[in-house]
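As structure tokens, the structure follows; a few thoughts come after it.
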Amino acid sequence: MTFDVATIRKQYPTLQQEVDGRRLVYLDSAASSQTPEAVLDAMDVYYRRLRANVERGVYRLSEEATGRYEAARARLARFVGAPSPDGVVFTRNVTEAINLVAYSWVRRRLGPGDAVLTTAMEHHANFVPWWHAAQDTGVELRIVPVREDFHLDVEAMEALLADGKVRFLALGHVSNVLGTINPLRELIALARAANPEVVVLVDGAQAVPHLPVDVAALDVDFYGITGHKMLGPTGIGALIAKPERLEQMPPFLTGGSMILDVSAEQVVWNHPPHRFEAGTPMIAEAFGLHAACDVLDELGMHEVRAHERGLVATFVDALVAADGVTVYGPTDPDQRSGAISFAVDGVHPHDLGAMLDSYGVCIRVGHHCAKPLMRWLGVNATARASLYVYNDVDDLAPLLEGIEAARRFFAR
Ligand SMILES: Cc1ncc(COP(=O)(O)O)c(C=O)c1O
């Protein structure tokens, strides 16, 4: 399919709205993407036709709902190149996927004398669970710094790995603030060179929606995704794991569905992935996520990336050239994705966000759940415009207009 944004936009009911007579300019997909009709329809099928619990009914309605729930698992596995659907655990979001690993792997297996390595550009979802585990277990938390060019400091990382104590690496694929695409293969190879047994988790929240991702080719142990940033519903994410890793892990949450047998004397855990899906799962959301994978594959992930690469180049160039604007992140579009953080001289990001809202432009302002990175940047907050499949160059002029209006109003 050719990348015809006008046609694509028609599939998104929210984008048909006007704000004060202006086109709604949605530049906050890094926080949450919009929902296409196909995803809404898929969820409707569950509620209107197949409403029943899954994995437990013997009647046809429940069996069909179960079949579709499992089909969503297989669809997601195919979308991200997971080795097997058995390695796909549905979670509420990527935050829960990462906590699952923190509780069922790191806290169980690591202790004093071991280190977890993460980075200073992580979202709190891939930082706080390790910090918390370190507090509780005596594991040492090590943090790879960020260089002036907004990439991870590879030499510092080598030094942090040198003593071979790092047994777990937790790394973001794409930064939600800087847009930096991390060279995963190179960074993982460094960690494995220092300790061949190192276990690797990648936070793919900002990568899977925007880049072709092949988890098996990356050869990572765990890879987390979140549905609402990839055109899917809120309330569903997934942990993609090597099935043998899941086999080795005890459950995170316990209760119904995740057992084979229960008596007063013993409980026998179910096999993965069901061992990690206690209770009634997000059924309609799984249907919706299935449809989101279909929509993205129909567009083609290489085409999605090419579209965003072109657009991010235009937006970054325009922002760099705008008076009083500082962009935080790589300027080379090959090294970055479409989350563009910036500051406007003399204008607080929250004031800028409010001004842009009056132009119908939605951006994110704040610390972006990345306070260690904010500290490194030396700011409390930034503004962030982020791009996706339904954005085009027509979204740039209102952004620049709003920025200029904010400068005139606030930065006198
Ligand atoms: C890089 C990254 N990781 C994790 C998250 C957390 O996602 P969720 O709130 O869906 O768990 C986000 C959300 O902004 C993110 O950008």
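Per the numbering used here, residue 18 is the first one in the sequence shown, and the count goes up by one each step.
No residue lacks a Cβ here, since even glycine has one placed at the ideal position from N, Cα and C.
Answer yes or no: the CB of C310 versus the heavy atoms of ligand 1, is any distance below 7 Å? Here the question's residue 310 lines up with position 293 in the sequence shown. No, Cβ of C310 sits at least 7 Å from all heavy atoms of ligand 1.
When the Cα atoms are used, what is the spatial distance from E35 to G98? For the purposes of this step, residue 35 is identified with residue 18 of the sequence shown, where counting begins at 1. For the purposes of this step, residue 98 is identified with residue 81 of the sequence shown, where counting begins at 1. Going by the C-alpha atoms only, they are around 38 Å apart.
Should the region 408 to 415 be called in touch with the region 66 to 82, which here means at least 3 C-beta pairs below 8 Å? no
Environment of L277 [buried if 16+ CB atoms lie within 10 Å]: Working through the sequence shown from its first residue, we reach residue 277 at position 260. The residue is exposed, with fewer than 16 neighbouring Cβ atoms inside 10 Å.
By DSSP, does I253 sit in helix, in strand, or in coil? As a working mapping, residue 253 is identified with position 236 in the sequence shown. Coil, per DSSP.
Among F293, L117 and D45, nearest to G377 - alpha-carbon criterion: If you number the sequence shown from 1, residue 377 lands on position 360. For the residues F293, L117 and D45, the minimum Cα distance to G377 belongs to D45.
On a Cα-Cα basis, can you pick out the residue from L270, D61 and M318 that is closest to N106? Walking along the sequence shown from the start, residue 106 turns up at place 89. The sequence as given places Val at residue 106; Asn does not occur at that position. Of the candidates L270, D61 and M318, the one whose C-alpha sits nearest the C-alpha of V106 is L270.
Burial state of S375, where buried means 16 or more other Cβ atoms lie within 10 Å: Numbered from 1 along the sequence shown, position 358 holds the residue referred to as residue 375. So S375 counts as exposed.
Residue range of the alpha helix (DSSP H) that T331 falls in? For this step, residue 331 is matched to residue 314 along the sequence shown. M318 to A338 is the span of the alpha helix (DSSP H), which, as asked, contains T331.
Reference A3; option with closest CA among S50, R66, V22 and R40: Nothing in the structure corresponds to residue 3, since the chain is present only between 18 and 429.
Just verifying my parser: in three-state terms, what is the DSSP assignment at D349? Residue numbering aside, residue 349 sits at position 332 when the sequence shown is read from its first letter. Three-state DSSP puts D349 in coil, outside helix and strand.
Under a three-way DSSP split, which group does C1 fall into? The first residue shown for the chain is 18 and the last is 429, placing residue 1 beyond what the model contains.
With the cut-off set at 8 Å, would you say N193 and P146 are in Cβ contact? Taking the sequence shown and counting its residues from 1, one reaches residue 193 at position 176. Taking the sequence shown and counting its residues from 1, one reaches residue 146 at position 129. No; because the gap between Cβ atoms is not below 8 Å, this pair is not in contact.
For D278, which of helix, strand or coil comes out of DSSP? Taking the first residue of the sequence shown as position 1, residue 278 is located at position 261. DSSP places D278 within a strand segment (E or B) once states are collapsed to three.
Would you kindly check if the distance between the Cβ of Y86 and the Cβ of C379 is under 8 Å? Against the sequence shown, residue 379 aligns to sequence position 362. Against the sequence shown, residue 86 aligns to sequence position 69. It is not a contact, given that the beta carbons lie outside the stated cut-off.
If contacts are defined as beta-carbon pairs under 8 Å, then T197 and Q33 qualify, I think. What distance do you get, rounded to the angstrom? Here the question's residue 197 lines up with position 180 in the sequence shown. Here the question's residue 33 lines up with position 16 in the sequence shown. The Cβ separation is near 33 Å, so there is no contact.
First and last residue of the beta strand (DSSP E) that includes D58? In the sequence shown, counting from the first residue as 1, residue 58 sits at position 41. Premise fails: D58 lies in the alpha helix (DSSP H), E54 to R65, not in any beta strand (DSSP E).
Nearest-angstrom beta carbon gap, A132 and V183 [assumed within contact, 8 Å]: Counted from its first residue, the sequence shown places residue 183 at position 166. Counted from its first residue, the sequence shown places residue 132 at position 115. With a Cβ gap of about 5 Å, V183 and A132 count as contacting.
Assign V217 to buried or exposed, taking buried as 16 or more other Cβ atoms, counted over all protein chains shown, within 10 Å of its Cβ. Your numbering for residue 217 matches position 200 in the sequence shown. Flag for V217 reads buried.
Quick check: L336 and V342, are their CB atoms within less than 8 Å of each other? On the sequence shown, residue 336 is found 319 positions in, with the first residue counted as 1. On the sequence shown, residue 342 is found 325 positions in, with the first residue counted as 1. Taking 8 Å as the Cβ cut-off, L336 and V342 qualify as a contacting pair.
Please work out which residues of its chain come closer than 6 Å, Cβ to Cβ, to V22, disregarding the five sequence neighbours upstream and downstream, and give them in chain order. For this step, residue 22 is matched to residue 5 along the sequence shown. Cβ contact annotation for V22 (same chain, cutoff 6 Å, sequence separation greater than five): D409, in chain order.
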